[in-house]
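Start counting the sequence shown at 775; every next residue gets the next number (my numbering). Note that CB positions come from ideal geometry on N, CA and C, so glycine has one too. To start, the structure under review is shown below, and the notes come after it.
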Amino acid sequence: MRIPWMNEAALKQAQQRIASARKILVTSHIRPDGDAIGSVLGLGLALQASGKEIQMVLEDGVPKSFRHLHGSDQIINRPVGLDACTIVVDCSDQVRVGKVLPENLQPDINIDHHNTNLNFAAINLVNATATATSEILAQLLPTWNLPLTPEVAEALLTGLITDSLGFRVASMTPATLRIAADLFEAGANLPILYTKALHTRTYEAARYWGTGLSSIQLEDRLLWTCLTLEDRQSVNYPGRDDADLINILQTVDDADVFVIFIEQNNGSVKVSWRARPGFDVSKIALHFGGGGHKPAAGAEIQGTLDQIIPQVLEATRPLLSE
């Protein structure tokens, strides 16, 4: 099967590298979302089913909300040796894999859909028009003669559902829906996965949302809020993220650009942006050392909330007058 957007030479090189490898390590970014987890599991389980010795590694592990996925218990926090072909998925630059890979080790293959991807691997398979990295992998697996088992389909469909916000983002195409249908047909339970990915939250996450929603601010169609370490501790929320609160903020009709600031315990602030069609927040994230897409981006910035919030808002405001 020919993939229209794919560089044929890079595709062939990746296939040869995978075919020649006995051991393969698959990893993705810190604080993994559904597409990162779905991509790691989808590719990892497919390679495992083909007879490869696989390590699936995520520095921050698998959040509770995705532990229902088959194979999630195989994901580890640190690699056991590095004598393997290394594949990084859904990650715009190597720094974002955390400590899984040494800085001086160039990954073999980079598979991603972020328009800020730095093409950091020896072989780069990047399609910035794809809705999710899971969508790219659903196209690649048949090309590489890797099996699309129900477990693989489940993982990839989870990634597609989460990054498309339930098939609602502007980057959606008819091809995306056809791929989702193929994964559904291959054994993934779409209704259950959709509910678990988008409509199921823990009690702690719901209370965590309450702390952020109670402090939202609106300024000239720019909506923002913050989550402090004290907020997290007060409700016993175990993660370091926003529990997807940014997607709730995006439902406010009075704003076009949305920002959330999440205080981290390492002296930094995680910033997430969302925007309606016509606004590009990825360039702001890139300015602060992060990345992402035009409608959704993020960065982790060293400093306190008092330092970072004014800087980010100052850099974001001009978007609304462009």
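- A contact is defined here as three or more CB-CB pairs under 8 Å, and the segment 875-886 meets this definition with respect to the segment 853-867.
- In its chain, beyond the 5 residues on either side, no residue has a beta carbon closer than 7 Å to the beta carbon of S988.
- Take L819, set aside five residues on each side of it, and the residues of its chain with a beta-carbon closer than 6 Å to its own are G845, E925 and V926, in chain order.
- Judged by beta-carbon spacing, I849 lies within the 8 Å limit of V814, meaning their Cβ atoms are closer than that value.
- It is roughly 29 Å from the alpha-carbon of S908 to the alpha-carbon of S1042.
- Annotated as proximal: F1062 and I1075, with beta-carbon spacing under 8 Å.
- At least 8 Å separates the beta-carbon of S866 from that of L832.
- Ranking A1070, R975 and L922 by CA distance to the CA of I953 puts L922 first.
- Measuring C-alpha to C-alpha distances from D1016 to each of A904, G1072 and F894 identifies G1072 as the nearest.
- Here DSSP, grouped into helix, strand and coil, assigns T999 to strand.
- The three-state reading of DSSP puts I953 in helix, counting H, G and I together.
- Here I1034 is near W998, since their CB atoms are less than 8 Å apart.
- With a 10 Å radius around the Cβ and a threshold of 16 neighbouring Cβ atoms, Y977 comes out exposed.
- For R1048, DSSP records a beta bridge to F1032 and A1070.
- Here E877 carries a coil assignment [DSSP, helix/strand/coil].
- Listed in chain order, the beta strand (DSSP E) elements of length 3 or more contained wholly in the segment 846-876 are 859-863.
- Residue ranges of uninterrupted alpha helix (DSSP H) with 4 or more members, entirely inside the segment 891-966 and ordered along the chain, are 907-917, 924-937 and 948-959.
- Residue pairing from DSSP places N884 in a beta bridge opposite V862 and N898.
- The alpha-carbon separation between D807 and Q1007 amounts to approximately 22 Å.
- For G818, the secondary structure class from DSSP, reduced to helix, strand or coil, is helix.
- Counting only residues of its own chain and dropping the five nearest sequence neighbours on each side, R995 has a CB closer than 8 Å to the CB of D1028, A1029, D1030, V1031 and L1094.
- Judged by DSSP in its simplified three-state form, V831 adopts strand.
- Under the three-state reduction of DSSP output, L992 falls in the strand class.
- With contacts defined by Cβ atoms closer than 8 Å, I811 and V836 form a contacting pair.
- A944 sits exposed, since fewer than 16 C-beta atoms from the chains shown fall within 10 Å of its C-beta.
- A check of alpha carbon separations from I1020 across V1045, E928, G1066 and V1009 identifies V1045 as the nearest.
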